[in-house]
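Working notes for the structure below.
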Amino acid sequence: MALTTPARPRTTSTPARPRVTSSVRRRRFATAGVFVGLLLGAVFAAGPVLWMLSSSFKSNTQIFELPPRLITETFSFDAYVSIFTTPETVRFFINSYVVAGAVTILTLLVAIQAAYAFSRFEFRGKRIVNVIIVSVQAVPPITLLIPYFGLMVGLGLYNTYPGLIFTYMVFTLPYAIIMMTGYFNTLPKELDEAVRVDGAGSFTALWRVLVPISVPGIVSVGIYTFMIAWNEFLFALTLTRTIDMRTVPIGIQLLMGQHSYEWNQIMAMSILGSIPVLVLFLFFQRFFISGLTAGSVKS
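If you want it as C-alpha cells, here you go:
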C-alpha cells in the first residue's frame with residue numbers, strides 16, 4: 019500500500035519589505051542631526067535679539083518680572099521716545115554716522131589705489147610693505163591704546179572727528195588693502211592693456227574699467243569697514259572726552275548709571291544701533307558674499 023503524504027496548504031507569499039540599509043539609516047540620522055543643530059543655532063543666535071527687541075518695549079519693572087515673558091500685554095514706546103527727544107543721544111548717532119561714513123569712504127579711496135599698485139606693478143620694497151600691512155593686522159589694538167592717546171593729544175586731535183577717523187583707518191586699511199589686492203588679482207591684466215592701447219593711463223584704467231567691475235569686492239570691504247568703525251568702543255572711549263563727541267557704543271554705556279540702569283533704553287538704543295549694519299547687509303548681501311568669495315580665490 020502506497021503511502022501518500024498529505025498536501026501542504028498553500029500560503030500566499032507576501033512581498034518582502036525592502037530593508038533599510040545601514041548607510042541610508044546613517045544618512046537619515048545625519049540629516050536629522052544637521053537640522054537639529056541648525057535649529058538650535060538659530061535659536062541661540064536669534065534668542066538674545068528677540069529678547070532685546072521685546073525688552074525695548076517694556077518698562078524696567080516688566081523686564082525683571084517672573085516668569086519672564088517675551089510678549090507683554092502692553093507695549094510701551096517710552097524708551098524710543100526718550101532716545102529721540104534727548105539731544106545727547108541723538109548726537110551719539112550723528113557722531114557714529116559721521117565717523118563711520120568718513121572712515122569707510124577714506125579707507126576705500128586709499129585701499130583701492132594701494133591694491134591696484136600691489137596688483138599691477140612691481141616696485142622696490144613691495145614685499146616689505148606687504149609684510150608690514152599683514153603685521154599690523156596681527157597687533158592687538160589694545161596695545162596701541164596708550165601710544166595713540168599720547169599721539170592724538172600731541173597733535174591736537176584729541177576729542178575730535180579727525181582723531182577717531184585716522185585711528186580707525188589704521189585698523190581698517192590693512193584688511194581693505196589685502197582684500198582689494200586679492201580681488202584685483204582675479205581680473206585679467208588685458209583690461210589694463212586694452213585701455214593703454216587706446217591712449218589712456220593707469221588712472222583711467224583703474225577708475226573707468228576696474229572699479230566698475232569690482233563693485234562686489236568694494237561693497238564687501240566697505241561693509242566690513244563700516245561695521246568696525248560703527249561698533250568700536252575702546253578707542254572711542256579713550257580718544258573722546260565730551261558728551262558731544264561720544265558715539266553710539268559709548269552712549270549705551272553711559273545709560274548704565276551708578277545706582278540704576280535704564281535697561282529699556284539700553285535695549286532700544288542697541289536695536290537702533292544695529293539697524294544701519296543690518297540694512298547694509300540686507301541690501302548688499304549678494305555683493306558682500308560674492309566679493310568675499312572672489313577675493314579669496316587668487317592672491
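Using this note's numbering, you'd call the opening residue of the sequence shown number 19 and step up by one each time. Backbone N, C-alpha and C define an ideal beta-carbon position, used for all residues, glycine too. Since this is a predicted model, take the numbers as computed values, not measurements.
Notebook entry, point to check: Exposed or buried, Arg264, counting other C-beta atoms within 10 Å across all chains shown (16 or more means buried)?
Noted result: Classified as buried, Arg264 has 16 or more neighbouring CB atoms from the shown chains inside 10 Å of its CB.
Item checked: Host alpha helix (DSSP H) of Ile130 (start-end) -> From DSSP, the alpha helix (DSSP H) with Ile130 extends over 105-138.
Notebook entry, point to check: Span of the alpha helix (DSSP H) holding Ser74?
Noted result: Boundaries for Ser74: no alpha helix (DSSP H) harbours it, and the DSSP string shows neither H nor E there.
Note to self: Just to confirm my understanding: we take Ser137, look at its own chain, exclude 5 residues before and 5 after, and list those with CB closer than 6 Å. What are they?
What the structure shows: If the five residues before and after Ser137 are omitted, its C-beta is found closer than 6 Å to the C-beta atoms of Thr199, Phe202, Asn203, all from its own chain and listed in chain order.
Notebook entry, point to check: Should Val297 go down as buried or exposed, given a rule of 16 or more other Cβ atoms within 10 Å for buried?
Noted result: Under this definition Val297 is an exposed residue.
Notebook entry, point to check: Do you know offhand how far Pro234's Cα is from Gln155's?
Noted result: About 23 Å.
Margin query: Using only the alpha-carbon positions, how far apart do Phe301 and Gly269 sit?
Written below: Cα to Cα, Phe301 sits roughly 27 Å from Gly269.
Checklist line | Distance CB(Ser41)-CB(Asn282) smaller than 8 Å | finding: Contact flag unset, no.
Notebook entry, point to check: Using the C-alpha atoms, what's the distance from Leu163 back to Tyr179?
Noted result: Their backbone Cα atoms lie some 17 Å apart in a straight line.
Check: So who's on the other strand from Met274, going by DSSP bridges?
Finding: Partner residues in the beta bridge of Met274, as assigned by DSSP, are Tyr279.
Notebook entry, point to check: Quick one, are the C-beta atoms of Thr122 and Thr243 less than 8 Å apart?
Noted result: In this structure, Thr122 places its C-beta atom within 8 Å of the C-beta atom of Thr243.
Next item on the list: Specify the secondary structure class of Ala218 as computed by DSSP and reduced to three states.
Entry: The three-state reading of DSSP puts Ala218 in coil, since its state is none of H, G, I, E or B.
Notebook entry, point to check: Taking the alpha-carbon positions, what's the Ile284 to Pro294 distance?
Noted result: Near 17 Å, if we compare the C-alpha coordinates of Pro294 and Ile284.
Checklist line | 8 Å Cβ cutoff met for Ala133 and Ile195 | finding: Yes, the Cβ-Cβ distance between Ala133 and Ile195 is below 8 Å.
Next item on the list: Determine the contact status of Asn148 and Arg259, defining contact as a CB-CB distance below 8 Å.
Entry: Note that the C-beta distance between Asn148 and Arg259 is not below 8 Å.
Note to self: Can you give me the C-alpha to C-alpha distance between Leu228 and Gly51, rounded to a whole angstrom?
What the structure shows: Taking the straight line joining both Cα atoms gives about 45 Å.
Margin query: As a quick exercise: from Met70, Phe47, Phe95, pick the residue whose alpha carbon is nearest that of Arg87.
Written below: Arg87 has its Cα closest to that of Met70, out of Met70, Phe47, Phe95.
Margin query: Can you tell me whether Tyr279 is buried or exposed? The criterion is at least 16 other CB atoms within 10 Å of its CB, across all chains shown.
Written below: That one is exposed.
Checklist line | Option nearest Ser75 by Cα separation, candidates Phe62, Ala63, Thr90 | finding: Rather than Ser, the amino acid found at residue 75 in this sequence is Phe. Looking at the Cα atoms, Thr90 is the closest of the given residues.
Next item on the list: Output yes or no for whether 8 Å exceeds the beta carbon distance between Ala118 and Val239.
Entry: 8 Å or more divides the Cβ of Ala118 from the Cβ of Val239.
Margin query: Considering only their Cβ atoms, is the gap separating Phe167 from Thr256 smaller than 8 Å?
Written below: A contact, by the Cβ cut-off of 8 Å.
Check: Does DSSP put Gly181 in a helix, a strand or coil?
Finding: Residue state, collapsed to three classes: helix.
Check: What residue from Val215, Ile160, Ile112, Leu273 has the CA that sits closest to Thr185's CA?
Finding: For Thr185, the closest alpha carbon among the candidates Val215, Ile160, Ile112, Leu273 is that of Ile160.
Check: Any idea what DSSP makes of Phe62, helix, strand or coil?
Finding: Correct three-state label for Phe62: helix.
Notebook entry, point to check: Buried or exposed: where does Ala223 fall if 16 or more other Cβ atoms within 10 Å of its Cβ makes it buried?
Noted result: Ala223 should be labelled buried.
Margin query: Which of the three DSSP states is assigned to Val157 in this structure?
Written below: Looking at Val157 - three-state DSSP - the assignment turns out to be coil, as it is neither helix nor strand.
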